[in-house]
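Take a look at the structure:
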């Protein structure tokens, strides 16, 4: 058994670029700490723990996941921001991290300038669901009805600045409708109100809404990714449903403190990409509704810039004020 573990670790290590295998980082006697700014047991936490376990196997070092919740996710972010930029303290978070300045009136940092982007790990489509009592079954029908009676069409917003919020704003913009937005503190209370017919529309992560959709308590209409999801292949995309070029996904990534040396960024990026590839092969990411992403740290930085630009424009056009 010990021999098999050694063989497996050697094979995994071989996936890293040759130049990284002779590097002194990370030191085997040190621990890599992954900070998750949300509660244990949630989607972000589950993904982080899968990644952390794979990194442990690949790099041969201790990797722990530490949940530091509070202040809309900025408590954990602040911990990483103020940690040494040596690669041993990392932030694993979702797309909401990069819009802190646009959403919070007193954000403790600028996510784009106060962190080092390391790797984007995966993305997850959102699902559009409506109250089961409504007769509509297609996106085009929902939008048509909302245009005709805008005062009667409400959309739940689980969290300000979250992908669910921004995707709803994008749908309203591209669909030329004006929903009445109803704010909530989290997905579950919003889902309950949609199921009860108190709110008409909700866009949120597939994993969050699928249980009620499968039970028939909410009606699935479309998903927001470019391609259909294997978790619900019968549900069409928004693009298929008549809004060309519509695409909006939630995503997950890893950051280090500002100023981390480029060679350590490269080593961690390669290790995270290799780990993501392995997690995709086993199917555990798919079970969380996550489509794996492997890209360079520079590509991640560019993705963040584009995402922030789009999110800022959507929030501004909707008249959103930081809280």
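In the working numbering, the protein residues as written are 3 to 325. Idealized CB from N, CA, C, for every residue including glycine.
| query | Going by the CB atoms, is the gap between residue 189 and residue 156 shorter than 8 Å? | reply | For this step, residue 156 is matched to residue 154 along the chain shown. For this step, residue 189 is matched to residue 187 along the chain shown. No, the pair does not count as a contact, with Cβ atoms beyond the cut-off.
| field | Between the CA atoms of residue 90 and residue 32 - distance to the nearest angstrom | value | By one-based count along the chain shown, residue 32 stands at place 30. By one-based count along the chain shown, residue 90 stands at place 88. If you take the alpha carbons of residue 32 and residue 90, they lie about 8 Å apart.
| Of the listed residues 105, 60 and 116, nearest to residue 262 (C-alpha basis) | Reading the chain shown from its first residue, position 260 is the one you call residue 262. Looking at the Cα atoms, 116 is the closest of the given residues.
| request: Kindly indicate the opening and closing residues of the beta strand (DSSP E) around residue 94. | output: For the purposes of this step, residue 94 is taken as the residue at position 92 of the chain shown. Unbroken beta strand (DSSP E) run through residue 94: 91-96.
| Just how far apart, CA to CA, sit residue 105 and residue 218? | Against the chain shown, residue 105 aligns to sequence position 103. Against the chain shown, residue 218 aligns to sequence position 216. The alpha-carbon atoms of residue 105 and residue 218 are separated by roughly 34 Å.
| task | Kindly identify the DSSP beta-bridge partner or partners of residue 122. | result | Walking along the chain shown from the start, residue 122 turns up at place 120. Looking at the DSSP assignment, residue 122 forms a beta bridge with 255.
| request: Going by CA-CA distance only, name the one from 205, 125, 73 and 210 that's closest to residue 110. | output: Numbered from 1 along the chain shown, position 108 holds the residue referred to as residue 110. With distances taken between Cα atoms, residue 110 lies closest to 73.
| Cα-Cα separation, residue 149 to residue 40 | To locate residue 149, count along the chain shown from 1; it is residue 147. To locate residue 40, count along the chain shown from 1; it is residue 38. Roughly 37 Å separates the two Cα atoms.
| query | Looking at the unbroken beta strand (DSSP E) that takes in residue 159, where does it start and where does it end? | reply | Reading the chain shown from its first residue, position 157 is the one you call residue 159. Its beta strand (DSSP E) spans residues 156-159.
| request: Could you check which residue in 76, 194, 113 and 114 has the C-alpha nearest to that of residue 132? | output: As a working mapping, residue 132 is identified with position 130 in the chain shown. Considering only alpha carbons, the answer is 194.
| field | Where residue 269 falls: helix, strand or coil (DSSP) | value | Taking the chain shown and counting its residues from 1, the one referred to as residue 269 is at position 267. In the structure shown, residue 269 sits in a helix (DSSP, three-state: H, G or I).
| Which residue from 51, 56 and 50 puts its Cα closest to that of residue 2? | Here the chain covers residues 3 to 325 and nothing more, so residue 2 does not appear.
| request: Out of 174, 163 and 288, state which residue places its alpha-carbon closest to the alpha-carbon of residue 187. | output: Translated into the one-based positions of the chain shown, residue 187 becomes position 185. Nearest of 174, 163 and 288 to residue 187, Cα basis: 163.
| said: Tell me the DSSP secondary structure of residue 68 in three-state form. | reply: Against the chain shown, residue 68 aligns to sequence position 66. Residue 68: strand per DSSP, three-state reduction.
| query | If we count Cβ pairs, one from each stretch, closer than 8 Å, do we get three or more for the region 134-144 versus the region 219-233? | reply | yes
| request: Have a look at residue 375 and residue 211 and give me their C-alpha separation to the nearest angstrom. | output: The requested residue 375 does not occur in the structure, where the chain is confined to residues 3 to 325.
| said: Let me make sure I understand the geometry here. Which of 119, 171, 250 and 130 has the alpha-carbon closest to that of residue 87? | reply: For the purposes of this step, residue 87 is taken as the residue at position 85 of the chain shown. Closest by alpha carbon: 119.
| query | CA-CA distance, residue 79 and residue 137? | reply | Within the chain shown, numbered from 1, the residue matching residue 79 stands at position 77. Within the chain shown, numbered from 1, the residue matching residue 137 stands at position 135. C-alpha separation (whole angstroms): 44 Å.
| Would you call the CB atoms of residue 99 and residue 62 closer than 8 Å? | If you number the chain shown from 1, residue 99 lands on position 97. If you number the chain shown from 1, residue 62 lands on position 60. Result no, Cβ atoms of residue 99 and residue 62 do not sit closer than 8 Å.
| query | Cβ of residue 269 within 8 Å of Cβ of residue 114? | reply | Reading the chain shown from its first residue, position 267 is the one you call residue 269. Reading the chain shown from its first residue, position 112 is the one you call residue 114. No. Outside cutoff.
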